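Below: one structure, written as structure tokens.
2 protein chains.
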Amino acid sequence: MTALSRDGPQWTATMGLTPGLKVLLLEARDRIGGRSWSSNIGGYPFEMGGTWVHWAQPHVWREICRYNMRSALEVSPDYTSGRNSFALYTAGGKDAHELTHADEDALLISSIGKFFNVDGRQGQTLMPRPHDEFHNADVLACDDLTAADRLAQIQDELTGKEEAALKAWLLLMSGASLETSSFYEHLYWWSLCEHSYKGAVDFLIKYKFRDGQSAFALKFWNEALSTGNLHYIFNTPISSISDTPDLTAVTLTAGNVFKARKVISTVPLNVLSTITFSPPLSDLKAQAIATGHIQHTTKLHAEVTNADLRSWSVINPSSELVFAFGDGTTPAGNTHIVSFGANANHLEPELDIEDTKRALTDLTPMQIERLVFHN
Amino acid sequence: MTALSRDGPQWTATMGLTPGLKVLLLEARDRIGGRSWSSNIGGYPFEMGGTWVHWAQPHVWREICRYNMRSALEVSPDYTSGRNSFALYTAGGKDAHELTHADEDALLISSIGKFFNVDGRQGQTLMPRPHDEFHNADVLACDDLTAADRLAQIQDELTGKEEAALKAWLLLMSGASLETSSFYEHLYWWSLCEHSYKGAVDFLIKYKFRDGQSAFALKFWNEALSTGNLHYIFNTPISSISDTPDLTAVTLTAGNVFKARKVISTVPLNVLSTITFSPPLSDLKAQAIATGHIQHTTKLHAEVTNADLRSWSVINPSSELVFAFGDGTTPAGNTHIVSFGANANHLEPELDIEDTKRALTDLTPMQIERLVFHN
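Read top to bottom, the protein sequences are chains G and S.
In this text, residue positions in the first sequence follow my numbering: the first is 1, and each later residue adds one.
In this text, residue positions in the second sequence follow my numbering: the first is 1, and each later residue adds one.
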């Protein structure tokens with residue numbers, strides 16, 4: 001969160017933070033970037049949160065251009081050598097299939113297409129403009145439908161392989177469960193991806209920063225520091241925020257109080273319950289805070305000696321890790337595997353490291369050299 | 001062009017114009033917006049230059065969000081009533097075909113696909129990343145090939161209808177001629193449109209501002225004015241710009257001289273030859289200025305009483321107007337037709353108004369109530 005001192009104009013929705021303002025950044029963590037950060041281990045950036053960027057993410061792309069980083073991207077998948085195949089588990093994980101990546105694309109295209117084809121045009125008439133969500137007001141009814149409800153509607157149209165691929169995709173996208181994620185939210189993402197599987201892959205999981213998200217965050221940081229107007233304190237959790245007519249007071253858990261003309265709070269939803277607001281937040285916000293995010297994605301990196309896995313991907317909707325694929329080669333010549341789990345079958349990597357390794361090696365045999373994750 | 005006074009910090013590539021700077025805008029025209037402006041006639045915005053916007057235009061979209069205009073868009077085509085057909089002229093304009101819009105899409109998809117399929121993947125391997133143009137250096141060779149050269153390579157693969165559709169598309173995209181436009185430039189735009197016809201239509205000619213481009217430009221203008229730091233003079237052509245170590249002097253054709261610490265010149269290429277620079281611009285820039293833009297698109301609007309033309313479109317690569325379609329309904333209940341011509345067969349609408357009307361009515365009979373254009 002950010003506090004502005006009294007000696008400058010205020011933040012506005014159109015102008016942002018007017019340069020020239022003195023800003024104090026109070027950050028509970030020991031670094032910038034929130035969940036979008038990368039950790040450099042052995043000369044390789046492991047992405048701990050937000051990873052992939054694309055020119056179809058307009059606001060992110062504007063900043064990438066601002067910092068002249070358009071050539072600083074690399075592509076995640078590499079099918080040029082090694083196993084070059086797609087493993088699919090069906091029948092509750094009992095049946096294993098070794099398929100081609102073309103099969104993988106075909107399965108996801110056909111099954112996702114059926115999932116969104118509520119209007120005969122794969123959702124295009126329901127949400128034609130992703131950035132103007134309610135352009136067609138009929139779309140609101142989709143929020144009464146869970147992903148599980150919609151899956152039940154098309155059950156008879158799906159092959160067993162399609163159903164497995166689709167379930168894993170929906171769990172990857174929501175990070176939650178089929179019963180708790182809204183069909184509306186899935187449709188929103190689908191619309192952002194131009195209502196196409198190619199769009200979803202390109203926009204969401206193809207291009208990443210060669211040097212990691214933190215290399216990007218540092219550009220913001222260094223620019224802000226260069227103004228001479230930014231002051232900051234890390235490792236500074238907040239206990240309360242109180243508004244008075246003239247000033248806003250921010251009290252740290254350590255007891256200190258900072259006062260400012262304006263406070264911009266970027267505290268994450270799941271942390272807001274630890275902070276007392278005066279006056280209290282609205283009932284609706286309090287409800288949202290009590291509910292918290294439905295998404296508790298597990299993101300687990302493995303550095304493995306198996307070079308052939310660089311071109312491998314897997315889907316297993318019954319596993320604690322529903323999606324995994326080769327995402328890079330480390331300076332040591334090892335393969336970097338990135339994998340994702342959802343609430344539906346939740347894995348906390350640090351709880352039992354042997355269990356965590358088993359979740360990976362059950363997908364395919366692999367020689368794990370290193371696991372990287374973040375709570 | 002914009003001049004900064006001495007009493008503030010300078011413009012930088014990362015910070016832009018630091019707020020707080022005093023800025024003097026010297027504008028040769030009587031309005032803001034350059035070629036992107038709309039003229040409100042009879043309560044209807046006729047777009048005189050840049051028209052269509054999309055969230056896949058990242059920088060424009062960022063500004064649309066900034067001004068909360070995401071719901072201020074409307075869709076150009078409307079196939080819900082009227083003639084609902086596509087007219088195609090082949091054989092040098094001698095043969096007329098009345099087809100469906102589905103036929104139109106199919107013809108353009110197949111022919112454009114063949115045009116860009118130099119690598120078996122419709123150009124995707126040659127220019128995978130539009131914002132990192134030279135990512136694959138092989139793409140540079142495409143600049144030695146004209147659109148006409150590439151067309152000759154695939155001549156035997158095209159049907160007569162495909163050839164007509166493709167030629168008109170290339171003339172619409174370049175605004176020039178097949179012999180003067182570079183295959184590289186066409187490929188660049190194709191890559192920006194996700195290497196797909198759907199992308200090209202959606203990103204380039206589908207969504208426009210309900211109230212016209214000038215409604216958008218006024219948002220910038222009003223924000224700049226609200227800072228109190230913007231001064232401006234319209235109808236102010238420049239005769240020379242001289243750099244000295246401390247200041248830059250801008251001399252108007254009227255004789256007045258303004259001096260500033262920094263000058264940002266946004267003078268269009270075709271106007272630069274009228275301005276003397278001291279020190280002179282580089283030889284390469286001088287060459288570019290002497291060559292000028294190869295593109296002299298004719299954009300001609302017609303307001304016609306024929307309601308059935310709202311859902312009509314036409315392609316005639318041999319006409320002075322290679323592309324036209326119904327683009328809206330005016331408050332008077334008339335149909336707005338927008339049409340485009342290129343250098344290849346150039347039309348200057350104001351030279352002979354009867355000739356201009358004939359170019360339109362040769363495409364299909366129509367009762368013209370009003371012509372709108374801009375030199």
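Backbone N, C-alpha and C fix where the C-beta goes; we use that ideal spot for every residue, glycine too.
Source: prediction; values computed, not measured.
Going by C-alpha to C-alpha distance, which of S:E104, S:Y89, S:G120, S:S196 sits closest to S:P130? S:S196
Can you check the segment 55 to 101 of chain S for any beta strand (DSSP E) of at least 3 residues that lies completely inside it and give the ranges in chain order? 73 to 75, 85 to 90, 95 to 99
Rounded to the nearest angstrom, how far is the Cβ of G:E343 from that of G:H296, given a contact under 8 Å? Reading off the sequence shown, one finds Asn at residue 343 of chain G, where the question assumed Glu. Sure, about 5 Å apart at Cβ, within 8 Å.
At a Cβ threshold of 9 Å, is G:W61 touching chain S? yes
Member of S:F277, S:D95, S:A359, S:G113 whose CA lies at the smallest distance from the CA of S:K161: S:D95
Nearest-angstrom beta carbon gap, S:A164 and S:L88 [assumed within contact, 8 Å]: 6 Å
Does the beta-carbon of G:M366 have 16 or more other beta-carbons within 10 angstroms, so that it is buried, or is it exposed? buried
For G:D308 and G:G82, believed in contact at Cβ under 8 Å, the rounded distance: 4 Å
Within chain G, partners of S:W383 - CB distance below 9 Å: An answer regarding residue 383 of chain S cannot be provided, because it is not within the stretch 1 to 375 covered by chain S.
Endpoints, beta strand (DSSP E) assigned at S:W312: 312 to 315
Based on Cα-Cα distance, which residue from G:Q124, G:G113, G:D355 lies nearest to G:L321? G:D355
Residues in the same chain with beta-carbon distance under 6 Å from S:D327, minus the five sequence neighbours each way, listed in chain order, please. S76, H336, V338
Less than 6 Å between C-beta atoms, sequence neighbours within five positions excluded: which residues of the same chain meet that for G:V314? A87, A324, L363
Just checking: is the beta-carbon of G:L225 within a distance shorter than 9 Å of some beta-carbon in chain S? no
Can you tell me whether G:K379 is helix, strand or coil according to DSSP? As shown, chain G starts at 1 and ends at 375. That puts residue 379 of chain G outside it, with no answer to give.
Residues near G:T180 in its chain [Cβ-Cβ closer than 6 Å; skip 5 each side]: I294
With the cut-off set at 9 Å, would you say S:E194 and G:E194 are in Cβ contact? yes
Beta bridge counterpart(s) of G:W52 as assigned by DSSP: G:K208
Neighbour-count burial assignment, S:G120, 16 or more Cβ in a 10 Å radius: exposed
Comparing alpha-carbon positions, which option in G:L145, G:L126, G:A147 lies nearest G:A137? G:L126
Start and end residues, alpha helix (DSSP H) containing G:I154: 147 to 154
Can you tell me whether S:I112 is buried or exposed? The criterion is at least 16 other CB atoms within 10 Å of its CB, across all chains shown. buried
Express the C-alpha separation of S:V372 and S:G49 in angstroms, rounding to a whole number. 12 Å
Listed from N- to C-terminal order along the chain, which residues in the segment 207 to 234 of chain S have their beta-carbon within a distance smaller than 7 Å of any beta-carbon of chain G? E223
Taking CB distances under 9 Å as the criterion, tell me whether G:G123 reaches chain S. no
Classification of S:T146 by the beta-carbon crowding that lies within 10 angstroms, buried from 16 upward: buried
What are the boundary residues of the alpha helix (DSSP H) that G:S226 is part of? 213 to 226
If the cut is a Cβ gap below 7 Å, which residues of chain G does S:D29 touch? Checking the sequence shown, residue 29 of chain S turns out to be Arg, not Asp. Chain G residues near S:R29: none, gap ~26 Å exceeds 7 Å.
Closest Cβ-Cβ distance between S:L360 and chain G: below 9 Å? no
How many Å lie between G:A288 and G:L269 at the Cα? 8 Å
Can you tell me where the alpha helix (DSSP H) holding S:R358 begins and where it ends? 353 to 361
Straight-line gap, G:N40 to S:R29 (C-alpha atoms, nearest Å): 54 Å
Span separating the alpha-carbon of S:F220 from that of S:V201: 27 Å
Check the Cβ of G:S71 against every Cβ in chain S and list those closer than 8 Å, keeping chain order. D132, H135
By how many angstroms is the C-alpha of S:N222 removed from the C-alpha of S:T251? 27 Å
Does any residue of chain S bring its CB to less than 9 Å from the CB of G:D202? yes
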